[in-house]
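Chemist: Residues in the sequence shown are numbered from 4 upward in steps of one, following this note's numbering.
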Amino acid sequence: MSNGFETLAIHAGQEPDPLTGAVVPPIYATSTYKQDGVGGLRSGYEYSRSANPTRTALEEALAAVEGGTRGLAFASGLAAEDTFLRAVCKPQDHVVIPNDAYGGTYRLFAKVNERWDLHYDPVPLHDLDAVAAAMTQKTKVVWVETPTNPLLGIADIAALAQLAHDNGALLVVDNTFASPYLQQPLALGADVVVHSTTKYVGGHSDVVGGALIAADAGLGEELAYHQNAMGAVAGPFDAWLTLRGLKTLGVRMDRHCDNAERVVDLLLAHPRVTDVLYPGLGDHPGHEVAAKQMKRFGGMVSFRVAGGEAEAVEVCNRAKLFTLGESLGGVESLIEHPGRMTHASAAGSPLEVPSDLVRLSVGIETVDDLLADLTQALA
Ligand SMILES: Cc1ncc(COP(=O)(O)O)c(C=O)c1O
4 MSNGFETLAI HAGQEPDPLT GAVVPPIYAT STYKQDGVGG LRSGYEYSRS ANPTRTALEE
64 ALAAVEGGTR GLAFASGLAA EDTFLRAVCK PQDHVVIPND AYGGTYRLFA KVNERWDLHY
124 DPVPLHDLDA VAAAMTQKTK VVWVETPTNP LLGIADIAAL AQLAHDNGAL LVVDNTFASP
184 YLQQPLALGA DVVVHSTTKY VGGHSDVVGG ALIAADAGLG EELAYHQNAM GAVAGPFDAW
244 LTLRGLKTLG VRMDRHCDNA ERVVDLLLAH PRVTDVLYPG LGDHPGHEVA AKQMKRFGGM
304 VSFRVAGGEA EAVEVCNRAK LFTLGESLGG VESLIEHPGR MTHASAAGSP LEVPSDLVRL
364 SVGIETVDDL LADLTQALA
């Protein structure tokens, strides 16, 4: 099979159903499978926590589009993260995390895993010396998010992979913001990619899910063992919706990028906007690295406003076509105030976000309508 991205997204793991020829993998709504005599499994299926054909189709497609050997689909992005950490780390190990990670990822380290004696240090990942200084004998994982949520910080995946490997640690990249269409962390040296497939991969704001994709087959097997042992799997309907979204990821991402670039131009020229955070901008501190490792710069845009928190909240409240809501990566545009919404759990921590910040998930609606809505919201 040709290995172009869109071809893989549409066909990998998705051979027509052998029984009927259905071109779309069916939703196998079954918990168990008839055995042909004790231990006589048909195609290896035994029980749907362990494996389900609809989930298998999604997992194979995810592995193919990320260039990994094994893909695993979970009930949410955080379930994927938790499974990875408990598969790879043990008490007293140490993880380096970004100092502006997604708030829920930070909460998983700070409020859940810390209690089990898994230590972490938030570090600015663009500063390779700071990352090297934070690593200890016990560092098992360097956790990367690039671009970051919500500050759109950029980390150099290839350089961090080298650094992690020189210290005997694994490099994990949360590829949620870029999606595999714009960025291929495994090809840059990462060991594992994590996704909230809730976002661009699913792409339609109708399903919550997560994924792990491993470069190495042995590590993939270990993660699959823990996926089954811990049980936070994607259900068949969720897997089916996510797979349907994945098929159009490439065309959607191109339109997200086109629209985001126009939104950025509008914000840059607006007198109420004091700062625009977008890795496609030449003066973004991570621009050069982003240009090296990303195909384009994505659909997420954050900005700060002159009137502080009150104005940021007002802009969010006034927007109409940009729907006020958490999450991102769907076809519809969303607006939110990270300090009070997605990143409220990071308040008072080193990962607290500026209170005058507004985050946009720029959707694929008619761009002139999006520009008109932002203009009125900022008025
Ligand atoms: C970058 C990033 N990683 C992980 C997650 C967690 O994923 P989920 O909400 O699917 O558990 C999110 C959710 O917003 C996210 O934005």
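Think of the CB as a built atom: it goes at the ideal place given N, C-alpha and C, for glycine as much as any other residue. Just so it is clear, the structure is predicted and the values come from calculations on it, not from any experiment.
What did DSSP end up calling GLY213 once you bin it into helix, strand or coil?
Modeler: strand
Chemist: With hydrogens ignored, establish whether the beta-carbon of ASN152 is closer than 7 angstroms to any heavy atom of ligand 1.
Modeler: yes
Chemist: Is GLY213 closer than 8 angstroms to PHE77 when the C-beta atoms are compared?
Modeler: yes
Chemist: Going by DSSP in three states, HIS346 sits in which element: helix, strand or coil?
Modeler: Note: HIS346 maps to coil in three-state DSSP.
Chemist: My output table needs one value for VAL126: the three-state DSSP class, helix, strand or coil.
Modeler: Three-state result, VAL126: strand.
Chemist: Given a threshold of 16 other Cβ atoms within 10 Å of its Cβ, counted over all protein chains shown, does GLN140 qualify as buried or as exposed?
Modeler: By the beta-carbon neighbour count (other beta carbons within 10 angstroms, threshold 16), GLN140 is exposed.
Chemist: Is GLY206 a contact residue of ligand 1, with contact defined as CB to any heavy atom under 7 angstroms?
Modeler: no
Chemist: What is the rounded straight-line gap between the Cα of HIS229 and the Cα of VAL276?
Modeler: Going from the Cα of HIS229 to the Cα of VAL276 covers about 46 angstroms.
Chemist: Skipping 5 residues on each side, what residues in its chain have a beta carbon closer than 6 angstroms to that of THR251?
Modeler: Once the five neighbours on either side are set aside, THR251 has no close Cβ partner at all.
Chemist: Output the distance between the C-alpha atoms of MET4 and LEU65, rounded to the nearest integer angstrom.
Modeler: Because MET4 carries a pLDDT of 48, less than 50, the predicted location of this residue cannot be relied on, and the following value inherits that uncertainty. In a straight line, the C-alpha of MET4 is about 16 angstroms away from that of LEU65.
Chemist: Determine the DSSP secondary structure at MET4, reduced to helix, strand or coil.
Modeler: Summary for MET4: the model assigns pLDDT 48, below 50, so the residue's position carries little reliability; its value from the coordinates is reported in the next sentence. In the structure shown, MET4 sits in coil (DSSP, three-state: anything other than H, G, I, E or B).
Chemist: Measuring from the CB of LEU81, is there a heavy atom of ligand 1 at a distance below 7 angstroms?
Modeler: yes
Chemist: Could you tell me if GLN187 is buried or exposed, where buried requires 16 or more neighbouring beta carbons within 10 angstroms of its beta carbon?
Modeler: buried
Chemist: Quick test of the definition: if touching needs 3 or more C-beta pairs under 8 angstroms, does the stretch 263-283 touch the stretch 294-304?
Modeler: yes
Chemist: Under 7 angstroms: does the beta carbon of ASP241 sit that close to some heavy atom of ligand 1?
Modeler: no
Chemist: My parser needs the alpha helix (DSSP H) runs of 4 or more residues fully inside the stretch 111-161; what are they?
Modeler: 131-137
Chemist: Which word fits ASP130, buried or exposed, when buried means at least 16 other C-beta atoms lie within 10 angstroms of its C-beta?
Modeler: exposed
Chemist: Let's see if you can read the secondary structure: which residues bound the beta strand (DSSP E) around ALA1?
Modeler: An answer regarding residue 1 cannot be provided, because it is not within the stretch 4 to 382 covered by the chain.
Chemist: Reducing DSSP to helix, strand and coil, say where PHE306 ends up.
Modeler: In this structure, PHE306 counts as strand in the three-state DSSP scheme.
Chemist: Report yes if the C-beta of GLY213 is less than 7 angstroms from at least one heavy atom of ligand 1; otherwise report no.
Modeler: yes
Chemist: Hey, LYS143 and HIS198: beta-carbon distance below 8 angstroms or not?
Modeler: no
Chemist: Give me the DSSP bridge partner(s) of GLU9.
Modeler: Within the DSSP bridge table, the entry for GLU9 names no partner.
Chemist: In angstroms with no decimal places, state the Cα-to-Cα distance between GLY62 and GLU335.
Modeler: Inspection of the sequence shows that residue 62 is occupied by Glu rather than by Gly. If you take the alpha carbons of GLU62 and GLU335, they lie about 26 angstroms apart.
Chemist: Excluding the five sequence neighbours on either side, which residues of its own chain have a C-beta within less than 6 angstroms of the C-beta of GLY16, listed in chain order?
Modeler: ALA60, GLU63 and ALA64
Chemist: For ASP257, tell me which candidate among GLY332, GLY311 and ASP372 has the shortest Cα-Cα distance.
Modeler: GLY332
Chemist: Should GLY71 be labelled buried (16 or more other beta-carbon atoms within 10 Å of its own) or exposed?
Modeler: It is buried - the Cβ of GLY71 has at least 16 other Cβ atoms within 10 Å.
Chemist: Assign PRO183 to one of three DSSP states: helix, strand, or coil.
Modeler: Collapsing the DSSP output to three states places PRO183 in a helix.
Chemist: At a cut-off of 7 angstroms, would you count SER199 as near ligand 1, judging by its Cβ distance to the nearest heavy atom?
Modeler: yes
Chemist: Measuring straight from C-alpha to C-alpha, what distance separates ALA347 and GLY24?
Modeler: In a straight line, the C-alpha of ALA347 is about 49 angstroms away from that of GLY24.
Chemist: Can you tell me which of PRO183, VAL210, SER46 and ARG52 puts its alpha carbon nearest to the alpha carbon of ALA67?
Modeler: PRO183
Chemist: Can you find the residues in the same chain that come closer than 7 angstroms, C-beta to C-beta, to VAL99, ignoring five residues on each side of it along the sequence?
Modeler: ASP124, VAL126, VAL134, ALA137, MET138, THR142, VAL145 and TRP146
Chemist: For VAL176, which of helix, strand or coil comes out of DSSP?
Modeler: strand
Chemist: With respect to 7 angstroms, is the separation between the Cβ of TYR105 and the closest non-hydrogen atom of ligand 1 below this value?
Modeler: yes
Chemist: Inspect the CB distances between the stretch 26-42 and the stretch 154-173 and report whether three or more fall short of 8 angstroms.
Modeler: no
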